[in-house]
Structure formats: C-alpha cells, structure tokens
Amino acid sequence: MGAGHGHRLFFHGHSVVHRAPAHLKVLALVGFMLVVVALPRQAYVAHGAAALVLLAVIAVSRVPLRYLAPRMVIEVPFAVFAVLMPFVSHGPRTEVLGVAVSEPGLVAGAALLMKGTIGVLASLTFAATTEADDLLRGLQRLRVPDLLVQIMGFMIRYLDVVTGEMRRMVVAMRSRGCEPRSPRHWPVLARSLGALFIRSYERGERVHHAMLSRGYTGRLP
Amino acid sequence: MIPVLDVRGLAFAYPDGHQALYGVDLHVHAGERVALLGPNGAGKTTLVLHLNGILSGGAGSVTVSGLPVVTDNLAEVRRRVGIVFQDPDDQLFLGTVRQDVAFGPANLGIKGAALERRVMHALDQVGMADFVDRPPHHLSFGQRRRVAVATVLAMEPEILVLDEPSSNLDPTSRRELADILRGLDVTVLMVTHDLPYALELCPRSVVLSDGVVVADRSTYDVLTDEELMAAHRLELPWGFDPRSIGSLPA
Ligand SMILES: Nc1ncnc2c1ncn2[C@@H]1O[C@H](COP(=O)(O)OP(=O)(O)OP(=O)(O)O)[C@@H](O)[C@H]1O
Ligand SMILES: [Mg+2]
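Chains as they are written, first to last, in the working numbering: chain V, 1 to 221; chain C, 222 to 471.
Structure below.
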C-alpha cells in the first residue's frame with residue numbers, strides 16, 4: 001500500500017542507497033540519529049565525522065545537494081531558535097564579534113544547530129531514496145504494529161485527496177470574494193477547516209464501508 | 222427458484238432519527254439486470270448498504286440466495302454481493318491497481334497464482350489490464366471507475382450492485398462502461414439517475430421514493446408513465462423519447 005511511484009520528497013534513482021532494503025535504511029537512520037543526539041555537545045570533531053558519513057551516503061545515492069538544500073527550509077524555525085539562544089540564555093558572558101553573549105547559550109545553540117542540520121539532512125536523504133510503499137513494507141518487517149502501518153498507508157494514500165479537497169474549497173472561497181490570506185477572513189477559514197475535517201471523517205467512513213464490502217476483517221492481506 | 226436478492230419489509234432509521242426506509246420489498250432473480258431509480262434522498266444508497274450488511278438494525282430482512290444477511294453470515298454475504306460505490310476514491314485505497322483488485326479475493330483467502338489469475342481476469346473484463354502496476358490515484362476518473370468495478374468482479378460475486386455507475390463519466394466512458402456491463406455474465410442491480418442508461422441496460426426498473434417502492438415494472442413502462450414519473454421527480458433528458466427506442470426484451 002502507499003502512494004506508489006514518487007511521493008513528494010522522492011528523488012528518482014537507482015543507486016545502492018535507493019535499492020537498499022527499506023527496513024535496513026530505517027534501522028540505519030534511527031541508529032545514526034541516536035548516535036548524533038548522544039554525542040557530547042562540544043565534540044565538534046565527532047559531529048564533523050557524522051556529517052562526513054552523511055555526505056558520503058548522499059554522494060553514493062546521487063541525490064544532488066541542490067535538490068536537498070531547498071527542502072531544508074523546514075529547519076528554519078529551529079535554526080532561528082538556535083541563533084537566539086546565545087542572546088537569551090543566562091550564565092557567564094563571552095564576546096563574539098564585539099557582542100556579549102551567554103557562553104552556555106552559545107554552546108547549546110551551536111549543538112542544536114549541528115544536530116538539527118545533520119538530522120534533517122539524514123531524514124531528507126532517507127525520504128529522497130525510499131518509496132512510501134517500501135517504507136511501509138520495511139516497517140512491517142520491523143514488526144511495527146499492523147494497525148500503525150495501515151494508518152500511515154492511508155495517510156499517504158489520501159494526502160492528495162484531502163489536499164485536493166482543501167484546494168478546491170479555497171478556490172471556491174476565493175471565487176466568492178473571500179481571501180483566506182487576509183486575517184479578516186480567518187474565521188471563515190477556520191470554519192471551512194472544520195468542514196474539511198468532517199468531510200475527511202465521512203470519507204474515512206465510506207472507505208471503511210468499501211473495505212468491509214470486500215471482506216475486510218481488520219488485517220490487510 | 223430462490224431469488225438472488227430477497228428484501229422484505231426493510232425499514233431503517235439513521236442514528237440521528239431520520240427515517241430513510243419504510244418497508245421496502247425487492248426481489249432480484251439470477252441473470253436479471255434491474256435498475257433502481259428514484260429522486261435524490263429517496264433512500265437508494267441506504268438500501269444498497271443493507272444488501273451486504275453494512276447497515277442493519279432496522280425492521281425487515283435481507284436474504285442473498287437463501288442466506289440471511291445476519292452477523293454470522295457476513296463474510297459469505299459480502300462475497301456474494303459485490304458493491305461498487307459511487308466515488309472510486311472511496312473504493313481504491315491501496316498503492317497500485319493490482320493491490321486494490323487483489324484486496325477482496327485476498328480477504329477470501331486466495332493466494333499466489335490463483336490470486337494473480339483472478340486479478341488479471343477481472344482487469345481484462347474491464348479493459349484495464351495494462352494499468353495493473355499504476356497507482357489508482359494517477360488514473361482518470363473513468364479508468365478509476367472501471368478499476369473499481371474490477372475490484373468487485375475479482376470476488377466473483379453472484380450479484381453486482383452499482384451506485385450511480387455512469388455519474389461523472391464522459392459520454393465515451395459512459396458507453397464503454399455500458400458495453401462492459403452488458404458483456405458480464407452476472408446479475409446486476411444498478412442505482413442510477415441516468416434514465417436512458419437504465420433503458421439501455423436494464424429490462425426492469427424499481428422506483429424507490431421516500432423510502433418505499435412505488436413501481437416495479439419494465440423500464441419502458443416506467444419511463445413512459447408520465448404520471449408516475451412526475452409524481453416522483455423523475456425526468457427524461459430533453460429530447461429523449463423512449464417510444465422512439467422501444468423496450469428491451471425482458
Ligand atoms: N449518515 C446519515 N445520517 C442521517 N441521515 C442520512 C445519512 N445518510 C443519508 N441520510 C438521509 O437518508 C435519506 C436517504 O438517503 P440516501 O443517501 O439513501 O438517498 P439516495 O436515494 O441515495 O439519494 P441520492 O440520489 O442523492 O444519492 C436522505 O433523506 C438523507 O438525508
Ligand atoms: Mg445515493
């Protein structure tokens with residue numbers, strides 16, 4: 001189950017990384033993340049080594065950094081937070097470029113930025129080289145409870161349907177002179193999100209009926 | 222002869238208290254193709270959901286080839302009654318056409334080569350065999366409708382129930398689906414607002430209105446009975462005259 005060919009973060013390719021069994025990739029990703037999170041904050045060399053390992057994997061996968069970089073914007077809120085930390089934290093002060101900043105804040109901010117960047121890049125690489133379908137089968141092989149895997153599969157399958165429905169609702173709102181971007185119309189937007197939720201819920205019910213009609217008993221074959 | 226579908230005195234109210242069916246009687250015999258007509262809100266979909274026990278709990282009974290639709294028989298009933306829902310997006314929920322068509326028979330315990338044969342046979346019947354490895358949500362609407370029919374055919378049902386099969390299809394897809402349905406060797410109950418389609422495909426029509434059956438006759442008789450048609454909000458498309466086409470042999 002799943003979205004089949006090419007979800008949004010997928011980068012088509014045939015490298016070793018693409019072909020590696022998904023459950024191994026999941027294990028590798030989780031293991032790698034645990035190590036990176038567990039590294040002492042000031043172990044800069046170790047962080048550098050982890051980053052190098054990651055870059056090597058990316059090189060082997062032939063996913064261009066140009067493809068991954070723009071997708072890293074998801075990290076921006078955390079990066080902003082990390083950059084603010086030296087200014088808002090307490091503790092002994094040091095000077096950086098003539099500005100007095102908190103030393104523990106600086107260390108913590110730098111650590112957050114390093115760990116965060118490595119983590120996001122590793123996840124993106126994983127996503128870019130793994131089909132949704134394979135991921136789900138990999139999770140199944142890792143004995144993730146069936147129900148969870150099914151729920152993830154349905155989420156992937158119906159993401160397009162629900163976002164499509166939302167797009168159509170927004171178009172219909174715009175056509176009737178309501179601009180969802182303007183705060184004046186936010187109450188309407190909130191109500192339409194409620195409607196979207198109910199629609200999705202009812203669709204879920206109809207899908208369930210269709211499954212029962214074909215003999216579904218709680219386990220995907 | 223035992224009817225494939227035998228509905229007696231079926232009444233049903235939704236949990237919110239809205240009474241949708243008030244004592245419906247309906248019989249469909251093997252090999253028949255029957256149209257279920259009626260205005261919006263008549264209770265057609267509600268009736269369809271009773272045929273394989275998705276909805277239940279009201280008065281009356283439903284029997285499928287002699288087997289009562291009760292909790293203990295649901296698995297067998299759902300094998301015998303194949304329902305194609307109105308929105309193919311509700312019916313196609315897996316990653317590829319193959320997985321979706323295999324879903325029903327796999328639930329019946331069919332595996333391996335036999336499963337593959339069923340899948341390919343069902344897809345052949347609707348002319349979609351070339352799309353077996355495509356994700357369903359990348360297909361056109363008409364193609365999805367055909368795959369939805371295949372998902373049910375793969376269970377080799379005794380009766381095929383279609384909820385508005387021609388809705389949202391372009392004229393060519395609509396005709397192609399008619400050709401497919403006519404070519405199938407299976408009993409059909411078809412819910413539709415498309416009266417010419419009913420006349421073309423179904424010798425017999427049942428009219429449901431406000432939760433009761435108000436007519437059960439040849440489709441030609443129904444469509445040419447102006448009083449009945451007007452009383453139950455049924456209208457022929459402009460310029461369409463059943464008299465110039467005539468009746469299907471019953
Ligand atoms: N989930 C529900 N809860 C409460 N009432 C419902 C529900 N679904 C349908 N109804 C009501 O039951 C009645 C019959 O609905 P049903 O969907 O069976 O009609 P229909 O004949 O299929 O109509 P259409 O041609 O529009 O599809 C309607 O009055 C409808 O408002
Ligand atoms: Mg309906």
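Ideal Cβ positions, reconstructed from N, Cα and C, are used throughout, including at glycine.
Give the interface partners of residue i over in chain C, defined as CB-CB distance under 7 Å, in chain order.
i                      : result
alanine 210 of chain V : Phe306, Asp311, Gln312
valine 207 of chain V  : Asp311, Phe314
valine 149 of chain V  : Those do not exist, as valine 149 of chain V stays about 12 Å from chain C at its closest Cβ, beyond 7 Å.
So which residues on chain V does residue i lean against when the C-beta distance must stay under 8 Å?
i                         : result
methionine 376 of chain C : Arg214, Gly215
leucine 270 of chain C    : His209
Taking DSSP as the reference, what is the three-state secondary structure of residue i?
i                            : result
phenylalanine 233 of chain C : strand
tyrosine 67 of chain V       : helix
alanine 263 of chain C       : coil
glutamate 297 of chain C     : helix
glutamine 150 of chain V     : helix
glycine 4 of chain V         : At glycine 4 of chain V, the pLDDT of 44 sits below 50, so the modelled position is not reliable; the number obtained from the coordinates is stated separately. Coil at glycine 4 of chain V, not helix or strand.
isoleucine 331 of chain C    : coil
histidine 239 of chain C     : coil
histidine 209 of chain V     : helix
proline 183 of chain V       : helix
methionine 411 of chain C    : strand
valine 144 of chain V        : coil
tyrosine 216 of chain V      : coil
proline 356 of chain C       : coil
proline 289 of chain C       : strand
serine 430 of chain C        : strand
leucine 390 of chain C       : coil
arginine 93 of chain V       : strand
Drop a sphere of 10 angstroms on the beta-carbon of residue i, count the other beta-carbons inside from all chains shown, and report buried for 16 or more, exposed for fewer.
i                            : result
glycine 218 of chain V       : exposed
isoleucine 198 of chain V    : exposed
glycine 2 of chain V         : Interpretation of glycine 2 of chain V is limited by its pLDDT of 37, a score under 50 that renders its predicted location unreliable; the figure taken from the coordinates is listed afterwards. By the neighbour-count rule (16 or more Cβ atoms within 10 Å), glycine 2 of chain V is buried.
proline 223 of chain V       : Coverage of chain V is limited to positions 1 through 221, which leaves residue 223 of chain V absent and any answer about it impossible.
asparagine 261 of chain C    : exposed
methionine 222 of chain C    : exposed
phenylalanine 461 of chain C : exposed
valine 249 of chain C        : buried
glycine 252 of chain C       : exposed
serine 182 of chain V        : exposed
Ligand 1 heavy atoms versus the CB of residue i: any closer than 8 Å?
i                        : result
histidine 208 of chain V : no
histidine 23 of chain V  : no
alanine 263 of chain C   : yes
tyrosine 235 of chain C  : yes
leucine 247 of chain C   : no
proline 260 of chain C   : yes
alanine 241 of chain C   : yes
glutamate 456 of chain C : no
glutamate 385 of chain C : yes
valine 412 of chain C    : yes
Taking Cβ-Cβ distances shorter than 9 Å, what residues in chain D pair up with residue i?
i                            : result
phenylalanine 154 of chain V : Structure shown: chain D not included; protein chains present are V and C.
In chain C, what lies closer than 9 Å to residue i by C-beta?
i                        : result
arginine 203 of chain V  : Asp308, Asp310, Asp311
aspartate 160 of chain V : His358
aspartate 146 of chain V : Simply none; closest approach about 14 Å.
Contact defined as beta carbons within less than 8 Å: I believe residue i pairs with residue j. What is the distance between those atoms, to the nearest angstrom?
i                        : j                         : result
valine 443 of chain C    : alanine 436 of chain C    : 6 Å
histidine 209 of chain V : isoleucine 275 of chain C : 5 Å
aspartate 431 of chain C : glutamine 307 of chain C  : With 8 Å as the limit, aspartate 431 of chain C and glutamine 307 of chain C do not qualify as a contact, their Cβ atoms being about 20 Å apart.
arginine 301 of chain C  : glutamate 379 of chain C  : 5 Å
leucine 455 of chain C   : leucine 416 of chain C    : 7 Å
valine 26 of chain V     : leucine 142 of chain V    : 6 Å
Just to check, is the beta-carbon of residue i closer than 8 Å to a non-hydrogen atom of ligand 2?
i                        : result
threonine 266 of chain C : yes
aspartate 431 of chain C : no
glutamine 307 of chain C : yes
Mind pulling the chain V residues with CB within less than 7 Å of residue i?
i                       : result
arginine 300 of chain C : Gly215
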